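Peer 1: Provided herewith is a single structure, encoded as structure tokens, for subsequent inquiry.
Number of protein chains: 2
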Amino acid sequence: MANPWTAKMEQFTTFSEEDRRRLDDLASLRRQHYEPRQDIIREGEHSPECHLVLSGLACRYKLLPDGGRQIMAFLVPGDLCDAEIFILKEMDHSICALGPCEVAAIPGEDVRKLLLDRPGIALPLWWGTLQDEAVLRARIVDLGRRDARQRIAHILYEVLVRHRMVDATADDSFDWPVTQTDLADATGLTTVHVNRTLQRLREEGLIAVEDWRVTVLDRAGLRDAAEFSPNYLHLDRATKDPRSVPGKRVEGLI
Amino acid sequence: MANPWTAKMEQFTTFSEEDRRRLDDLASLRRQHYEPRQDIIREGEHSPECHLVLSGLACRYKLLPDGGRQIMAFLVPGDLCDAEIFILKEMDHSICALGPCEVAAIPGEDVRKLLLDRPGIALPLWWGTLQDEAVLRARIVDLGRRDARQRIAHILYEVLVRHRMVDATADDSFDWPVTQTDLADATGLTTVHVNRTLQRLREEGLIAVEDWRVTVLDRAGLRDAAEFSPNYLHLDRATKDPRSVPGKRVEGLI
DNA sequence: CGACGGCTTGAGGTAAGTCAATCCACGTGG
DNA sequence: CCACGTGGATTGACTTACCTCAAGCCGTCG
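Structure (structure tokens):
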């Protein structure tokens with residue numbers, strides 16, 4: 003996977019060669035490796051650089067007074083962990099690598115410079131944050147109005163789509179270094195109930211889980227089980243610039 | 003209440019006279035009135051202008067295939083409804099006025115011009131969207147890991163704080179044109195259960211509800227019931243510019 | 001080998017849901 | 001002035017999806 007950051011944004015726009023080169027530079031400047039279960043940034047901290055997931059799976063989470071944990075979002079390659087550090091004094095939640103992760107640390111200063119030099123980049127960047135926000139809203143709908151089976155199906159289907167968005171070679175499976183306890187903390191359920199619900203999705207022939215990898219066996223079935231409606235990902239390309247290269251956008255994602 | 007938009011952003015920064023004047027102009031240019039239960043913008047629509055709540059209470063919501071509704075956020079004066087229209091082709095959710103609302107319709111073009119003319123406004127504007135996003139995450143924690151009493155207490159306490167943020171004269175009560183059915187759709191509960199839970203909060207002497215107005219009788223008690231932690235609102239002012247007027251920020255919010 | 005983390009299973013409990021009726025304030029039309 | 005309809009709040013009786021507790025299983029690793 004070349005640069006998942008540009009790949010993600012190219013669902014929305016087409017970059018000039020120079021734009022893409024500058025983004026690639028930023029993404030390869032300071033590469034970091036995180037071990038499974040290692041925090042990338044913690045609640046209350048501030049960092050002069052923001053973090054971009056290059057490979058692996060991470061999550062946004064918050065710890066509760068009673069020791070509980072709520073996972074608010076899964077981060078796939080191409081997602082920014084903490085764009086808020088440009089503005090806010092400290093993080094109001096933490097980010098943790100679930101499996102082994104490659105991460106680019108991007109100095110805030112460089113992003114500011116890039117936005118000045120290459121004004122065409124601001125919009126795709128903003129689009130990315132708006133998509134992230136829409137993903138949060140989708141989670142709210144899940145937690146508020148759907149049962150366990152729908153919640154889990156929705157998360158899995160969404161992660162599949164978001165993976166395929168940044169990796170045109172991906173098939174219907176993806177790495178999933180997520181314990182059932184993690185999934186419980188993301189869906190607002192208990193481990194026990196997640197276990198029984200996953201069993202059911204497997205029995206129904208919708209998914210298979212093996213060796214920390216999920217395979218979607220019946221894409222339409224899983225989509226229906228999740229009542230998945232893709233509009234919130236805003237994958238309809240906005241710019242219709244006739245000069246632009248047609249190629250990059252991944253088709254047939256949903 | 004003068005201009006709730008600047009009042010909100012002044013929790014974060016201090017504007018120059020000229021900045022404030024320009025913002026005031028935008029907020030008063032095209033004033034609209036919405037009746038209770040009237041949609042301000044609907045899922046699937048696009049609008050050339052974005053909407054700012056000047057007075058009243060509105061909500062972000064999404065309709066589900068089965069006819070259900072999930073309210074994802076309450077909008078108080080000073081909140082932008084649909085900043086995404088600058089970027090995205092269409093809304094992925096709807097906004098509805100809960101009570102009578104005064105709304106400013108701000109042409110996207112004017113915002114772009116303002117950002118170019120007055121660069122100092124970009125950061126406070128961005129801060130606003132980041133706060134909105136943090137409010138969404140708080141809702142996820144609520145829905146995922148808290149029981150009915152905590153959820154309702156948290157929403158009420160948060161709305162109180164956000165009101166006080168934009169209205170220094172506000173006491174411990176606020177307009178609440180929200181039916182128990184609305185509150186059920188926001189908390190992921192049923193009307194029946196919301197009813198019993200509200201009764202309990204009243205019996206405990208934490209709140210009183212009368213004539214579409216909530217009065218918080220025991221602020222500390224409600225805060226504890228909600229396990230409210232204010233850090234996600236990022237009310238610690240970031241800029242420490244010594245030239246700035248000290249006055250505008252509202253103290254003792256929490 | 002034992003310890004451990006993650007998965008699985010069973011039995012029993014509870015917060016919240018469902019269904020259905022009643023009450024009350026209101027607005028409206030005859 | 002009253003009968004009526006309506007939307008919202010309230011209540012009771014019953015059901016259920018999900019939780020709790022507790023044990024057992026299995027592969028991995030030191």
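Protein sequence lines correspond, in order, to chains C and L.
Using this note's numbering, the first residue of the first sequence is number 3, and each one after it goes up by one.
Using this note's numbering, the first residue of the second sequence is number 3, and each one after it goes up by one.
Where a beta carbon is used, it is the ideal one built from N, C-alpha and C, also for glycine.
Just so we're clear, the structure is a prediction, and the values are computed from it rather than from any experiment.
Beta carbon of A29 (chain C), beta carbon of A155 (chain C): below 9 angstroms?
Peer 2: For A29 (chain C) and A155 (chain C), no; Cβs fall outside 9 angstroms.
Peer 1: Does the beta carbon of K10 (chain L) sit closer than 9 angstroms to a beta carbon anywhere in chain C?
Peer 2: K10 (chain L) does not count as touching chain C.
Peer 1: According to DSSP, what are the bridge partners of S18 (chain C)?
Peer 2: DSSP output for S18 (chain C) lists no bridge partner at all.
Peer 1: Compare the C-alpha of R110 (chain L) against each of L:D169, L:L132, L:L82, L:P6 and name the closest.
Peer 2: A small correction: the amino acid at residue 110 (chain L) is Gly; Arg does not occupy that position in the sequence shown. Among L:D169, L:L132, L:L82, L:P6, the Cα nearest to that of G110 (chain L) belongs to L:L82.
Peer 1: Report yes if the C-beta distance between N5 (chain C) and E92 (chain L) is below 9 angstroms; otherwise report no.
Peer 2: Result no, Cβ atoms of N5 (chain C) and E92 (chain L) do not sit closer than 9 angstroms.
Peer 1: Using the DSSP secondary-structure output, state which residues sit across from R62 (chain C) in a beta bridge.
Peer 2: Note: R62 (chain C) sits in a beta bridge opposite C:A75, C:I97.
Peer 1: With burial defined as no fewer than 16 other Cβ atoms inside 10 Å of the residue's Cβ, what is the status of K10 (chain C): buried or exposed?
Peer 2: K10 (chain C) should be labelled buried.
Peer 1: Can you tell me which of C:D144, C:T181, C:G101, C:T193 puts its alpha carbon nearest to the alpha carbon of A227 (chain C)?
Peer 2: That would be C:D144, whose Cα lies nearest to the Cα of A227 (chain C).
Peer 1: Span of the beta strand (DSSP E) holding E229 (chain C)?
Peer 2: From DSSP, E229 (chain C) is part of no beta strand (DSSP E); its letter is neither H nor E.
Peer 1: Please confirm if K115 (chain C) has its CB atom under 9 angstroms from at least one CB of chain L.
Peer 2: So no, K115 (chain C) is outside the interface.
Peer 1: Does the beta-carbon of T189 (chain L) have 16 or more other beta-carbons within 10 angstroms, so that it is buried, or is it exposed?
Peer 2: With 16 or more Cβ atoms within 10 Å of its Cβ, T189 (chain L) is classed as buried.
Peer 1: Cα-Cα, which of L:L59, L:E45, L:G46, L:E20 is closest to Y36 (chain L)?
Peer 2: With distances taken between Cα atoms, Y36 (chain L) lies closest to L:L59.
Peer 1: Between G110 (chain C) and chain L, is any beta-carbon pair separated by less than 9 angstroms?
Peer 2: Answer no: the Cβ-Cβ gap between G110 (chain C) and chain L never drops below 9 angstroms.
Peer 1: Specify, as a first and last residue, the run of the beta strand (DSSP E) that R215 (chain C) falls within.
Peer 2: Segment 215–218, the beta strand (DSSP E) holding R215 (chain C).
Peer 1: Buried or exposed for V78 (chain L), going by 16 or more other Cβ atoms inside 10 Å?
Peer 2: So V78 (chain L) ends up on the buried side.
Peer 1: Taking all protein chains shown into account, decide if R204 (chain L) is buried (16 or more other Cβ within 10 angstroms of its Cβ) or exposed.
Peer 2: R204 (chain L) should be labelled exposed.
Peer 1: I think L138 (chain L) touches A75 (chain L), with their Cβ atoms under 8 angstroms apart; what is that distance to the nearest whole Å?
Peer 2: Yes, they are in contact, since the Cβ atoms of L138 (chain L) and A75 (chain L) sit about 6 angstroms apart, within 8 angstroms.
Peer 1: Distance cutoff 9 angstroms, beta carbons only. Does P244 (chain L) sit that close to anything in chain C?
Peer 2: Residue placement at P244 (chain L) cannot be trusted, given a pLDDT of 43 that sits under 50; what the coordinates show is reported in the next sentence. No, its Cβ sits nowhere closer than 9 angstroms to a Cβ of chain C.
Peer 1: Using three-state DSSP, classify L235 (chain L) as helix, strand or coil.
Peer 2: The answer is helix: DSSP assigns L235 (chain L) an H, G or I state.
Peer 1: Could you tell me whether the Cβ of D81 (chain C) comes closer than 9 angstroms to any Cβ of chain L?
Peer 2: With 9 angstroms as the cut-off, D81 (chain C) does not count as an interface residue toward chain L.
Peer 1: Of the choices L:R225, L:A99, L:A140, whose alpha-carbon is the least far from that of L179 (chain L)?
Peer 2: Position check: residue 179 (chain L) holds Pro in this sequence, whereas Leu was assumed. Looking at the Cα atoms, L:A99 is the closest of the given residues.
Peer 1: In or out: H48 (chain L) buried (at least 16 other Cβ within 10 Å) or exposed?
Peer 2: Label assigned to H48 (chain L): exposed.
Peer 1: Please report whether the beta-carbon of G122 (chain C) lies at a distance below 9 angstroms from any beta-carbon of chain L.
Peer 2: No, because no Cβ of chain L sits closer than 9 angstroms to the Cβ of G122 (chain C).
Peer 1: Note down, in chain order, every chain L residue with its Cβ under 7 angstroms from the Cβ of H95 (chain C).
Peer 2: Ordered by position in chain L, the residues that pass the 7 angstroms Cβ test against H95 (chain C) are R139.
Peer 1: How about R135 (chain C): is its C-beta nearer than 9 angstroms to some C-beta of chain L?
Peer 2: Residue 135 (chain C) is actually Glu in this sequence, not Arg. Closer than 9 angstroms to some Cβ of chain L, the Cβ of E135 (chain C) qualifies, so yes.
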